[in-house]
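Presented below is the structure to which this report refers.
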Amino acid sequence: MIFKSLLLIFLSVGLIWARSSYDKITRGNFADNLGDVLVKASQNNPYPAFGNFLQTVAIPNSYLFGQMVMWGELLTAVSIISSCLYLLWKNSKQKIALLALKLGLMGGAFLNINFWLTFAHTNSAVDSLNLLMIIIQLVGIITL
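Next up, the structure:
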């Protein structure tokens with residue numbers, strides 16, 4: 131019962147990733163506009179090493195980073211959602227499905243950590259949501 135409950139929580143995280151990636155992909159201008167967003171986020175960033183990374187690596191290559199974020203979110207969503215649905219449907223702990231779920235959760239945690247380091251200082255809602263998702267995904271990575 132606890133396993134199914136965790137799967138439903140992870141499924142909701144996957145749906146959040148799906149919604150986020152869908153918005154970015156369908157708008158069509160996410161990668162083009164990311165540079166301006168990162169410039170604003172890098173100003174007064176409380177993490178000097180990460181702020182330096184944004185200014186020297188991410189901003190000059192913002193289109194590439196935008197594409198990686200967009201498609202990384204989609205791959206994360208597909209991995210988490212499909213794995214959770216399979217595990218719920220099959221009602222067993224298939225190793226390949228658990229591996230796919232863990233990989234999706236790792237991808238999501240990686241994205242959330244980077245979003246948190248980039249934007250947490252700009253908005254308390256961004257701070258809270260990213261920390262919550264990081265914790266949920268880490269729980270999945272550790273317990274599965």
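Okay, so the sequence shown: first residue is 131 according to the numbering used here, each after it adds one. Ideal Cβ positions, reconstructed from N, Cα and C, are used throughout, including at glycine. A quick note: this is a predicted structure, and the numbers were derived from the prediction, not measured.
query, result
"Counting only runs of 4+ residues fully inside the segment 207-259, write out the alpha helix (DSSP H) ranges in chain order.", "225-249"
"Out of S209, G202, L164 and L241, point me to the one whose CA is closest to P190's CA.", "L164"
"Does the beta-carbon of Q267 have 16 or more other beta-carbons within 10 angstroms, so that it is buried, or is it exposed?", "buried"
"Touch check for the segment 168-179 and the segment 204-212: three-plus C-beta pairs under 8 Å?", "no"
"Less than 8 Å between the beta carbons of L235 and G270, yes or no?", "yes"
"Any idea what DSSP makes of M131, helix, strand or coil?", "coil"
"Counting C-beta neighbours from all protein chains within 10 Å, is the total for K154 16 or more, i.e. buried, or is it exposed?", "buried"
"For the alpha helix (DSSP H) holding A171, just list the boundary residues, first then last.", "F160 to S172"
"Going by other Cβ atoms of all chains shown within 10 Å of its Cβ, with 16 needed for buried, is S222 buried or exposed?", "exposed"
"Starting from the C-beta of Y177, find all residues in its chain whose C-beta is less than 6 Å away, skip the five residues before and the five after it, and write them out in chain order.", "L247"
"Any idea if N227 is buried or exposed, counting beta-carbon neighbours within 10 angstroms, 16 or more meaning buried?", "First, the amino acid is wrong: residue 227 is Ala here, not Asn. A227 comes out buried."
"What is the residue span of the alpha helix (DSSP H) that A179 lies within?", "P178 to F183"
"Exposed or buried, what is N242 when buried is set at 16 or more other beta-carbons lying within 10 Å of its beta-carbon?", "buried"
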